[in-house]
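Chains as they are written, first to last, in our numbering: chain V, 87 to 243; chain R, -19 to 84.
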């Protein structure tokens, strides 16, 4: 049953464009919050400039308290599952940076008060390189990287 | 049909796990349409906001490097079974959608 639903869902996703149009026709409300979207950080073409534009500092402290779960070899760079977990106290945000992407910053997650320091998502990787997790806690920046090898052929590595 | 599929489950340890799947093309603006040779314009979700009882539990700022049909999972404390959790996304073309789920 579950797999059946998944089929339907995938089919539905093909029609996303049409849905988007329908949504924009009816449900759009102007949102001030979007002004906060850090365009400069997402447009930045190096890890350093992305970090400094997002946090105003590039002082990253390496930490073994951050665990990145990602495949060692990603057969399809378009869908790379990543999860990040940290035992650092007072985490304010978790950002995921793909070192070798044209624009390295992939995403930034701001956590609420009761939210655990855990995030899982799927990202695109242009080529083999480090995936860097930057954790902001108590005004300081901590980071850890993990190398992910991207194979393009799709026949494994 | 909503573009959002969401499930929120309360564990024995009092931690709620939320899993969200959104159907969205997440076009980077770098890819050409194979048929027409034209560049497909960037079209990606920029912000996803999750609320529990009106309190923000997670704000995700995304760039185009999040995979097509994005998946997101996170955990938070302080919820009871039956509570509502709400999610809302906005993309760079001004589209948006929201959905609500009950924590089980």
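Each residue gets a CB set at the ideal place from its N, CA and C atoms; glycine is no exception.
{"Check": "Length of the line joining the Cα atoms of residue 109 of chain V and residue 79 of chain R", "Outcome": "Per-residue confidence for residue 109 of chain V stands at a pLDDT of 41, beneath the threshold of 50, marking its modelled position as unreliable; no derived number is given."}
{"Check": "The region 47 to 65 of chain R: positions lying closer than 9 angstroms to chain V by Cβ", "Outcome": "47, 48, 49, 50, 51, 52, 53, 54, 55, 56, 57, 58 and 59"}
{"Check": "Cut-off 8 angstroms between Cβ atoms - residues of its own chain near residue 45 of chain R, not counting five sequence neighbours on either side", "Outcome": "8"}
{"Check": "Secondary structure, beta strand (DSSP E): runs of 3+ residues fully inside the region -1 to 48 of chain R", "Outcome": "25 to 32 and 35 to 42"}
{"Check": "Residues bridged to residue 64 of chain R [DSSP beta-bridge criterion]", "Outcome": "R/82"}
{"Check": "Chain V residues whose Cβ lies nearer than 8 angstroms to that of residue 38 of chain R", "Outcome": "195, 196, 197, 198 and 201"}
{"Check": "Outcome for residue 163 of chain V when other beta-carbon atoms lying within 10 angstroms are tallied against a minimum of 16", "Outcome": "buried"}
{"Check": "Proximal residues of chain R, C-beta to C-beta of residue 124 of chain V below 7 angstroms", "Outcome": "41"}
{"Check": "Near-chain V residues of the region -15 to -2 of chain R (beta-carbon distance less than 8 angstroms), N- to C-terminal order", "Outcome": "-15 and -5"}
{"Check": "C-beta contact flag for residue 251 of chain V and residue 195 of chain V at 9 angstroms", "Outcome": "Outside the modelled stretch of chain V, which goes from 87 to 243, sits residue 251 of chain V, for which no answer is possible."}
{"Check": "Residue from R/40, R/24 and R/81 whose Cα sits closest to the Cα of residue 122 of chain V", "Outcome": "R/40"}
{"Check": "Sufficient close CB pairs (3 or more, under 8 angstroms) joining the region 156 to 174 of chain V to the region -5 to 10 of chain R", "Outcome": "no"}
{"Check": "9 angstroms Cβ cutoff, residue 192 of chain V in contact with chain R", "Outcome": "yes"}
{"Check": "As assigned by DSSP and simplified to three states, the class of residue 134 of chain V", "Outcome": "helix"}
{"Check": "Bridge partner(s) assigned by DSSP for residue 160 of chain V", "Outcome": "V/236"}
{"Check": "9 angstroms Cβ cutoff met for residue 216 of chain V and residue 185 of chain V", "Outcome": "yes"}
{"Check": "Cβ-based burial, residue 27 of chain R [other Cβ within 10 Å; buried from 16]", "Outcome": "buried"}
{"Check": "Secondary structure of residue 129 of chain V, DSSP reduced to three states", "Outcome": "helix"}
{"Check": "C-beta contact flag for residue 207 of chain V and residue 235 of chain V at 9 angstroms", "Outcome": "no"}
{"Check": "Within chain R, partners of residue 221 of chain V - CB distance below 9 angstroms", "Outcome": "Going along chain R, no residue has its Cβ under 9 angstroms from residue 221 of chain V, so there is no contact; the nearest lies around 14 angstroms."}
{"Check": "Residue-level contact to chain R via CB, residue 210 of chain V, 9 angstroms cutoff", "Outcome": "yes"}
{"Check": "Status (buried if at least 16 other CB within 10 Å, exposed otherwise) for residue 21 of chain R", "Outcome": "exposed"}
{"Check": "Where residue 140 of chain V falls: helix, strand or coil (DSSP)", "Outcome": "helix"}
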